[in-house]
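Input: a single structure, listed below in structure tokens.
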Amino acid sequence: MAKLVLIRHGQSEWNLSNQFTGWVDVDLSEKGVEQAKNAGKALKEHGIEFDYAYTSVLKRAIKTLHYALEECDQLWIPEYKTWRLNERHYGALQGQNKQKTAEKYGDEQVHIWRRSYDVLPPLLSADNEGSDANDRRYANLDPRAVPSGENLNVTFERVIPLWQDEIAPKLLDNKNVIIAAHGNSLRALTKYIENISDEDIMNLEMNTGQPVVYDFDDKLNVLSKEKY
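Here the sequence shown stands for residues 1449 to 1676, where the numbers follow our numbering.
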């Protein structure tokens, strides 16, 4: 019976300052570090042993994984970093204060940008200094794969190939997997795993630093879901 653990990164510095973050590589806050460590302590308490770890290429998720694995004495397990687990790209909203953005565009418009499944945020131009087009960590990607803004639907389309090609085969081989990533990339995975509708998935909250633990049968049907 394979286990999958999902952890949204601990509170980041921009979570704390209420800014749209997306692909911007901000660090964990002090509270975020403690949340990540507490996640690891909970996993150790429950005696879960992992075979593989996955995370994004953004340090708030990478550090969350490392703090959690250190607390449960499993830093040594094979680890894979991939852009497919990055947070949803918030386009030109990245770096903007959420409250000030709501004051400028209206609460309803910001709610649509944040919570609509298929509405894109204002896009970031390729020549903008905040563009990821020239970031070395994405140098091996087809330039068309580097987004200028994403909704959850687009995020879903880039996350699920990782599930199908990498994660599902390991679970089917009865290996335990831990994934430390972001609210929206984990929301996309959860939508697929639990077959959640486009409408309902937008109401799913992923709490920072809280392990979500799945047990599967040999067909990858969910047998149980727990939060530690």
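Built from N, CA and C at the ideal position, the CB exists for glycine as well. On a predicted model such as this, the values are computed, not experimentally measured, just so you know.
Closest in C-alpha terms to S1460, from the list N1486, A1450, A1509, comes A1509. Annotation: P1595 is outside any beta strand (DSSP E) and is labelled neither H nor E by DSSP. Annotation: D1555 to P1526 spans about 43 Å, alpha carbon to alpha carbon. Put simply, of E1577, F1468, A1501, S1573 the residue whose alpha carbon is nearest the alpha carbon of R1592 is S1573. In terms of CA proximity to H1537, F1468 leads the group F1468, L1610, E1551. Remark: C-beta atoms of L1652 and I1644 approach each other more closely than 8 Å. Remark: C-beta atoms of G1578 and G1543 approach each other more closely than 8 Å. Within the same chain, Cβ atoms closer than 7 Å to the Cβ of A1550 are found at V1558, the five residues on either side in sequence being excluded. Residue state for L1513 is assigned as helix, using DSSP reduced to three classes. Using a C-beta cut-off of 8 Å, the stretch 1495 to 1515 makes contact with the stretch 1466 to 1480, since at least three inter-stretch Cβ pairs fall below that distance. Counting C-beta pairs closer than 8 Å gives three or more between the stretch 1449 to 1460 and the stretch 1479 to 1488, which meets the contact rule.
Listed in chain order, the non-local C-beta contacts of Y1515 below 7 Å within the same chain comprise V1481, A1484, K1485, G1488, local neighbours out to five positions each way being set aside. A residue is called buried when at least 16 other Cβ atoms come within 10 angstroms of its Cβ; P1609 does not meet this threshold and is exposed. According to the DSSP assignment, K1479 belongs to no beta strand (DSSP E) but to the alpha helix (DSSP H) extending over 1478 to 1493. Shortest Cα-Cα distance from N1466 to any of Y1502, F1498, Q1547 involves Q1547. In the DSSP annotation of this structure, Y1565 is not part of any beta strand (DSSP E), being labelled neither H nor E.
Residue environment for K1552: exposed (fewer than 16 other C-beta atoms within 10 angstroms of its C-beta).
Annotation: F1604 to C1520 spans about 30 Å, alpha carbon to alpha carbon.
Apart from the 5 residues on each side of it in sequence, W1611 sits with its Cβ closer than 7 Å to the Cβ of L1637, Y1640 in its chain, given in chain order.
As summarised for the stretch 1637 to 1673, the continuous alpha helix (DSSP H) elements at least 4 residues long and confined to that stretch are 1646 to 1649, given in chain order. Secondary structure at N1545: strand, using DSSP grouped into helix, strand and coil. Per DSSP, the beta bridge partners of V1625 are L1452, Y1500. Here E1518 carries a helix assignment [DSSP, helix/strand/coil]. Closest in C-alpha terms to D1663, from the list A1628, E1493, N1624, E1647, comes N1624.
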